[in-house]
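Residue numbers (the working numbering): 3 to 607.
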Amino acid sequence: MRVEPVVTGTEVPGLAEMVWDNAQKDPEAVQFVRPDPVPRTWQAPRSTRGGPLPVTCREFRDDVLTLARGFIAAGIGHGDRVGLMSRTRYEWTLVDYALWSIGAVTVPVYDTSSAEQLGWMLSDSGAVGCVVETGEHAEKLAGLRDDLPALRQTWQIDAGDLIALAGEGRTVDDGKVEARRRAVSGGDVATIVYTSGTTGRPKGCVLTHHNIYCDVSKATSVLPELLHPGASTVLFLPLAHVFARLIQVGIVCTRATMVHSADGVLEQLRKYRPTFILAVPRVFEKMYNAARQKADDAHRGWLFTVADAVAVRYSRAMDKPRGPGALWRMPHAVCDLLAYRKLRATLGGRCRMAMVGGAPLGERLGHFFRGAGITVLEGYGLTETSPAVTANLPSAMRIGTVGRPLPGVEVRIADDGEVLVRGDVVFAGYWNNPDATRDAFTDDGWLRTGDLGSLDDDGFLRITGRTKEIIVTASGKNIAPAPIEEKIRAHPLISNAMLVGDRRPYLAALATIDPHSWLRWRASHGHPDAEVADLRDNAELREEIKTAIDHANRTVSKAEQVKTFRILPRDLTEADGEITPTLKIKREVVQDRYAADVDALYRGH
3 MRVEPVVTGT EVPGLAEMVW DNAQKDPEAV QFVRPDPVPR TWQAPRSTRG
53 GPLPVTCREF RDDVLTLARG FIAAGIGHGD RVGLMSRTRY EWTLVDYALW
103 SIGAVTVPVY DTSSAEQLGW MLSDSGAVGC VVETGEHAEK LAGLRDDLPA
153 LRQTWQIDAG DLIALAGEGR TVDDGKVEAR RRAVSGGDVA TIVYTSGTTG
203 RPKGCVLTHH NIYCDVSKAT SVLPELLHPG ASTVLFLPLA HVFARLIQVG
253 IVCTRATMVH SADGVLEQLR KYRPTFILAV PRVFEKMYNA ARQKADDAHR
303 GWLFTVADAV AVRYSRAMDK PRGPGALWRM PHAVCDLLAY RKLRATLGGR
353 CRMAMVGGAP LGERLGHFFR GAGITVLEGY GLTETSPAVT ANLPSAMRIG
403 TVGRPLPGVE VRIADDGEVL VRGDVVFAGY WNNPDATRDA FTDDGWLRTG
453 DLGSLDDDGF LRITGRTKEI IVTASGKNIA PAPIEEKIRA HPLISNAMLV
503 GDRRPYLAAL ATIDPHSWLR WRASHGHPDA EVADLRDNAE LREEIKTAID
553 HANRTVSKAE QVKTFRILPR DLTEADGEIT PTLKIKREVV QDRYAADVDA
603 LYRGH
């Protein structure tokens, strides 16, 4: 399927150009809000100190210009790669645009990355400089310097190095930045984003200014309800992830407002009251489970059950030609007064839309939130596609799918079920890896996504699994684990579920317990001080998990049903290398680490 493009041709401006355009067209519009900024991390020559600091379009342009002069003074040239390792904060965006304004290339690194990962990304990209956030990051980088011969300079945000860098740039004329900015073309590399590496070493996806500009222009053209002047969001996803980066550029493109938030997310949602948020599905799963648990604790579980059912049925009725009838409007209004408003209040009260990606949300959960007054728009994409490929829209959505292709993007399904993509948003290839680049494309130029899916008659895409995650049982049955895992994980006590069974006689599951739900469960079952490892063979706990698995089994064929399970002694963590920063399970790592538990599932067979 193909949709006509919004942007045509290859001559698009560099991404920093819109910063200067905004400063000219609407200089006083608030582009960003810095919550409680620390003055020494970046200069704040404004009247407000010690509290939230608004940054107008003109002020942002001035900040970008100031730091860009510093990078020029430091010898950063056109095409030079510079690493950026930090949490989501104003300085992240500032460094990104300052580098773009002089034609340099940003190499984002998750702030939680290990020394080995950091070293690989800087070495592979040939980074000549690196901006880090904390002393811990700086210490980690210092231990790698001997193995990074190209790395000339490093700057630590929390040590005030960006302010010092800006000071060094005072001798650089503004005209040099102007000339460098205007020399940037759409075909220049904007960023090298390394994949999360669920299998093997991360690969560097080369994205140009053209790739990102086209993707953002397509997304903003079909989502005016989400991204427009006056819209606002609190961004708490890591900007090292290309999904959050898309929203960053979309915010600048549309002169909306973004609050950078890495800490105290719920408090900041209530304080800044965004009109939309960006999240991974697990955030909404936790919201739902927390609301249900809160109702149970207040002995009002019956009310949540009713509100849940009403929301789902009301949402399903919204897809019918006549919409919800009077039979559902009255109970929906009552549930809104008693339950839904409180749920929306956790997001600040003004948020009526959200964008999710990275994994399936689940059809029932999508209907619940829409029925509760928060429309969750699922989309789909990859780092290799800048990233958005498809999206559900308020005017054209089908819950349970990831929407239709964005304008100018083509999607088709290969004979083996793999989703293939073509269009301006698709990257040119992997940095320093021609073999992987060649393998990523079909002979006729379509990107192999590695995802399995289907297109319905109206062009809505449904993702059913990953080609590399397909489990082939001993009987030859091919099973995509993601849909079943999603249903198991819907239980509030379960944080992660991973199916096993490749070349085995049947499917089994490894399950981990959610740390917050565990505190309530153990207290209510007479084990106030117990750890999961102490009780993972406890009959009551196993029965609880069995309930979730039995529910999932009722939705699939007999061959796809989970026959048995093991509770792991602790939750999976990013720090232990078991999940990625976007919460995807590293299956090979988990299977190897818990090989004894996997073997126990098949003992005697």
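Every residue, glycine too, gets a C-beta built ideally from N, C-alpha and C. Remember, it's a predicted structure, so these values are computed and weren't measured experimentally.
Exposure of residue i, with buried meaning 16 or more beta-carbon neighbours within 10 Å
i, result
"P151", "exposed"
"H301", "exposed"
"S477", "exposed"
"P47", "The predicted model places P47 with a pLDDT of 49, which falls under 50 and marks its position as unreliable, so this point remains unresolved."
"H493", "buried"
"M332", "exposed"
"S116", "exposed"
"G177", "exposed"
"S317", "buried"
"A602", "exposed"
"A347", "exposed"
"K322", "exposed"
"R538", "buried"
DSSP three-state assignment for residue i, whether helix, strand or coil
i, result
"P47", "Note that P47 has pLDDT 49, beneath the 50 cutoff, so the model's placement of it is unreliable and the number below is only indicative. If DSSP states are grouped into helix, strand and coil, P47 belongs with coil."
"L17", "coil"
"P494", "coil"
"S397", "coil"
"G447", "coil"
"G177", "helix"
"P56", "strand"
"P507", "coil"
"R346", "helix"
"V267", "helix"
"I473", "strand"
"P409", "coil"
"G79", "coil"
"A598", "helix"
"T68", "helix"
"T439", "helix"
Opposing strand residues paired with residue i [DSSP bridges]
i, result
"G420", "According to the sequence provided, residue 420 is Glu. The question's Gly does not apply to it. For E420, which the question treats as bridged, DSSP gives the partners L454."
"A356", "I279 and V378"
"W157", "V133"
"A513", "A499 and I569"
"H262", "L237"
"I581", "I587"
"V432", "Before going further, note that residue 432 is Tyr rather than Val in the sequence given. Answer is C207, bridged to Y432."
"S187", "P15"
"M87", "V111 and V134"
"R414", "L422"
"V564", "L509"
"G383", "A390"
"I481", "I473"
Within 8 Å, strictly: CB atoms of residue i and residue j
i, j, result
"L454", "E420", "yes"
"T197", "K205", "yes"
"A499", "A513", "yes"
"P110", "A297", "no"
"R71", "V174", "yes"
"L501", "W523", "no"
"S88", "I159", "yes"
"G410", "D426", "yes"
"A293", "F278", "no"
"V191", "V107", "yes"
"I465", "V404", "yes"
"L96", "L69", "yes"
"A76", "E170", "yes"
Extent of the continuous alpha helix (DSSP H) to which residue i belongs
i, result
"T95", "Y92 to S103"
"H230", "Unbroken run through H230: none, as it is neither H nor E."
"Y316", "G303 to M320"
"V336", "A328 to C337"
"G368", "E365 to G373"
"I547", "A541 to N555"
"V534", "V534 to L537"
Any chain B beta carbon closer than 8 Å to residue i
i, result
"R60", "Within the model displayed, chain B is absent; a lone protein chain is all it includes."
Limits of the unbroken beta strand (DSSP E) element including residue i
i, result
"A117", "No beta strand (DSSP E) contains A117, which is instead part of the alpha helix (DSSP H) from A117 to S127."
"Y196", "V191 to Y196"
"P110", "V107 to V111"
"L167", "Run containing L167: none in the beta strand (DSSP E); it sits in the alpha helix (DSSP H), D163 to E170."
"L463", "L463 to R468"
"G252", "Here G252 belongs to no beta strand (DSSP E); instead the alpha helix (DSSP H) covers V244 to T256."
"Q33", "V32 to R36"
"G609", "Limits of the chain in this structure are 3 at one end and 607 at the other, which puts residue 609 out of reach."
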